[in-house]
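In what follows, a structure is listed as structure tokens, so that the remarks can point back to it.
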Amino acid sequence: MEKEVLEVVLKKLDKESRIATILDLQSVPALPKGENYSSTIMRITLKVVLGNGRQAKKSFIMKQLITKGDSGDFIKEINAAKLESEIYSVVHKEMTYLMEEFEDTDETLWGKFIHYDHNLSSILLEDLKASGYSLVPRQKGLDLDHAILVLNSLGRYHGMAKVLEQRGIICKENYTPYVFFTNVKLIKSFNYGSILNLSKVMQETWGPEWEEAAKKLKKISFDPFAKKMLSMGSVHTETNFTVLNHGDIWSNNMMFKYDFQKRPIAVKFLDYQIPHYNTPCIDVTYFMYLGTQPSVRRSNYELLVKTYHDSLVRTLDKFGFTGTKPTLEDITDTMKRLEFFGLCFFVESYASLVCSSTEAFDMEKILSTDGKEGFNGDVLREPGMIECLGPDIIDFVERHVPELY
């Protein structure tokens, strides 16, 4: 077939599948209450006429960030909407080009970006549900099969980001340090406030065997606690392997596709509102402690870290990275340095992420009262929560709390 003829055929095919007219539009919440605290997520369903005259249904996701109150001020302060739109429109686009350049036929790790409205702080995205992706119920956490897939995929994501950095496409100066390691108000309101709320509930309702641990948590002083948390961001030196991080990589910020045996075979990451530049082990630690079932993490920690490292190095090699690659020992040592961060976030936050309640906390009230109000203690009283949290609380109290008085 001649080039000119093929060009006409392909243009006709493209025109036939394009949206020519929108006949109807409906908008409904895409997530139930309690599943997202920083934005409103709507599913927009369209009845359309395509270029070939056929009527069809199309669906998209509209994400509008909160802009009012203390929560809105915080989101505007970190410039979340602009950052996320740039990750989608620049970084992911270049990652797609990179995959095409090297004939990488693996699934992309992100959904398609369609539009960003600066005035409304809203982003229009592909509806991944229409492509067969689904969320794991947040109450379940991720099992070993899901965790292995995520860490393999995270290694791919970090590896491609590092190659783009080496090519001058990603500039580390464009990203502020991780907000959880720099924002003292957030550390006091959310992190420290969570610890005090946990100690109170433990002492009141967990039984006498937990009183001593509860008292030790209650004795934590804010200044040494904040100093320790702020120090977590300083693991970055010029000799460390550093990369663009996702920033909020937990189970509700990813969707999975499954094979006919219900095994996870592909994942798409969501919510790129707090990207930052530092060691990739921040993302790995965050996911291991907040995205994975605690028993899975405890029993398979070394396997999961190795899975991530193998994928990272394999991706760097695949896409022609010429810099120094981290060894497994490098990654393991950095993970060890970040254990305080992981354990701290787990004992503070995990119950709120997996509880049955849709009102685990009120972020607006937490921020406006410096953490004195806004936490729902009932989530720590739910059945099975002691067994879920207990081993890591004991570990945190024994290994880290003594230096926080």
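At position 172 of the sequence shown (counting the first as 1) the number is 172 in the numbering used here, and the numbers step up by one without a gap. Each residue gets a CB set at the ideal place from its N, CA and C atoms; glycine is no exception. Note that the coordinates shown come from a computational prediction; the quantities given were computed from them, not determined experimentally.
Do residue j and residue i have their beta-carbon atoms positioned less than 7 Å apart in this structure?
i, j, result
"L125", "I220", "no"
"H309", "L290", "no"
"K67", "S121", "Note that residue 67 corresponds to Thr in the displayed sequence, not to Lys. The answer is yes: Cβ separation under 7 Å."
"S194", "L217", "no"
"L135", "G111", "no"
"L164", "E94", "yes"
"T334", "N152", "no"
"S251", "R138", "yes"
"S59", "A130", "yes"
"F181", "G233", "yes"
"Y175", "H276", "yes"
"T292", "R156", "no"
"I41", "K63", "yes"
"H400", "F341", "no"
"E211", "Q203", "yes"
"L98", "M1", "no"
"P177", "F241", "no"
The beta strand (DSSP E) that contains residue i, what's its start and end?
i, result
"F345", "Segment 339-354 is the alpha helix (DSSP H) holding F345; no beta strand (DSSP E) there."
"E126", "122-126"
"T40", "39-50"
"I22", "19-29"
"K58", "55-65"
"I114", "113-117"
Excluding sequence positions up to five away, which residues of its chain have a Cβ less than 7 Å from the Cβ of residue i?
i, result
"V179", "I78, L186, I274"
"A360", "G34, S352, N376, V379"
"D271", "D248, N253"
"L404", "I220, S221, P224, F225, K228"
"K162", "V243, L316, F321"
"V49", "A20, T21, L23, Q55"
"V296", "D143, L144, A147"
"K15", "G51"
So, at 8 Å on beta carbons, what are the nonlocal neighbours of residue i in its own chain, with the 5 sequence-adjacent residues on each side left out?
i, result
"I394", "A213"
"Y192", "I220, F222, F225, A226, G371"
"P264", "D145, H146, L149, F256, K257, Y258"
"Q166", "F321, T322, G323"
"P294", "G141, F346, Y350, C388, L389, P391, D392"
"L230", "F181, T182, V184, I187"
"G207", "none"
With DSSP collapsed to three states, give me the class of residue i.
i, result
"Q166", "helix"
"I78", "coil"
"L142", "strand"
"F361", "strand"
"S189", "helix"
"V136", "coil"
"F225", "helix"
"F375", "strand"
Starting from residue i and walking both ways along the alpha helix (DSSP H), at which residues does that stretch end?
i, result
"F396", "385-399"
"Y97", "92-101"
"P208", "Looking at the DSSP string, P208 is not in any alpha helix (DSSP H), and its letter there is neither H nor E."
Mind checking whether the beta-carbon of residue i lies closer than 6 Å to any heavy atom of the ligand FAD?
i, result
"T315", "The ligand FAD is absent from the structure shown, which contains no ligands of any kind."
By Cβ distance, which residues of its chain are closer than 6 Å to residue i, with the 5 residues on each side in sequence left out?
i, result
"V28", "R43"
"Y286", "I249"
"F346", "Y289, D392"
"H158", "V243, P280, L312"
"K365", "E373, G374"
"A266", "E107, K257"
"R18", "G51"
"V201", "G377, L380"
Taking Cβ positions only, does residue i come closer than 7 Å to chain D?
i, result
"T369", "In the displayed structure, chain D is absent; only one protein chain is listed."
Problem set entry | Length at least 3, wholly inside the region 245-309: the beta strand (DSSP E) runs in chain order | 254-258, 264-269, 276-278
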